[in-house]
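Have a look at the structure below, then the notes.
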Amino acid sequence: MSYSVLVCDDSAVARKQVIKNLQSKLDLTLHQAQNGQQAIDLLKTQQIDLLCLDLTMPILDGIAVLEAIKTHRIECFVVVISADIQAKMKERVANLGALGFLEKPVKAEQLLRLLHQFGIR
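Per my numbering, residue 12 is the first one in the sequence shown, and the count goes up by one each step.
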C-alpha cells in the first residue's frame, strides 16, 4: 500500500533524515514543508495520510498546525518529531491528536514501530 507523507521541519537535514528512514521501509508519495503554514496549505489541498511534524518552526509552529488540523477537521495521522521532550509538551501534543512523540534525531526503528502500531506498514 502506498502512503502520502508530509514531512514538516524547518531543517532540511532533519527532513532528509526522516524521509530516508521512511523510504527504506514504506511505499511513499513524499511532500515536504519548511514551516507550519506550508504544511497547512498542503493538508487543505491534498490527501495526506501521515504528517511528520516538528514543533519549533518559523511562521507557524507545530502546535498551531495541530490546532489547525483539529479546527479544519483534517484527517491524517500525525507523529511529532522534536527536540522539545518536556512531559508537558508531550501531553499537549497528545491532547491535540498526535499519535506519538519521537525525540530528534529520530531513529528508524522507533518511527517504524510507532507507525506499525497504527497499521501503517
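Virtual Cβ for every residue (Gly too), placed ideally from N, Cα, C.
Counting only runs that start and end inside the segment 89-119, the alpha helix (DSSP H) elements of at least 4 residues fall at 98-106.
Annotation for Thr-82: no beta strand (DSSP E) segment contains it, though the alpha helix (DSSP H) segment containing it runs 73-82.
Contact between the segment 89-102 and the segment 53-73 is present: three or more C-beta pairs spanning the two stretches fall below 8 Å.
One Cα belongs to Lys-36, the other to His-83, and the distance between them is close to 31 Å. Remark: three or more beta-carbon pairs, one from each stretch, lie closer than 8 Å, so the segment 109-125 and the segment 30-45 are flagged as touching. Pairing Thr-56 with Ser-15 gives a Cβ-Cβ distance that is not under 8 Å. Nearest Cα to Val-104 within the set Ile-131, Ile-59, Cys-63: Cys-63. A distance below 7 Å between beta-carbons, with the five flanking residues on each side excluded, links Ala-44 to the following residues of its chain, in chain order: Leu-17, Cys-19, Ala-50, Leu-53. Going by C-alpha positions, Gln-58 is about 9 Å away from Ile-85. The C-beta distance from Leu-125 to Leu-107 rounds to 17 Å, too long to meet the 8 Å contact threshold.
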